[in-house]
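K.L.:
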Amino acid sequence: MSDEKVSALSNAEKQRRYRERQKGSGKKELRGYLTPEALQCYQEIAEKTQWNDSTLLSNAIRLMYAAHKLGQIGILNSWLNEHKR
């Protein structure tokens with residue numbers, strides 16, 4: 001064994017390594033700010049599904065894409081506006 005000290009990784013270094021692993025697995029980080037209405041929807045969905053932020057965002061994007069491909073964006077947007085969501 002050697003007498004060298006192994007220094008603990010800083011929090012920033014741990015975060016950097018985590019982000020690199022995520023990128024390596026083909027994932028992309030997205031950021032944004034939620035409106036109060038969107039935050040209320042987010043909280044309700046998170047409570048009901050027990051999904052973490054990453055899963056919730058991924059599924060939301062996929063569902064939005066499916067609605068787009070099926071021509072349902074207008075209907076969904078109208079519903080959101082009518083229900084003040």
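Residue numbers (the UniProt record's numbering): 1 to 85.
A virtual CB, placed ideally from N, CA and C, is assigned to each residue, including glycine.
Below 8 Å between beta carbons: does that hold for Ala46 and Leu56?
P.N.:
yes
K.L.:
Please look up how many angstroms separate the CB atoms of Ala67 and Leu76, rounded, as I've assumed it's under 8 Å.
P.N.:
6 Å
K.L.:
Rounded to whole angstroms, what's the CA-CA distance from Ser25 to Arg17? Just pull it up for me.
P.N.:
13 Å
K.L.:
Would the beta-carbon of Glu29 fall within 8 Å of that of Arg85?
P.N.:
no
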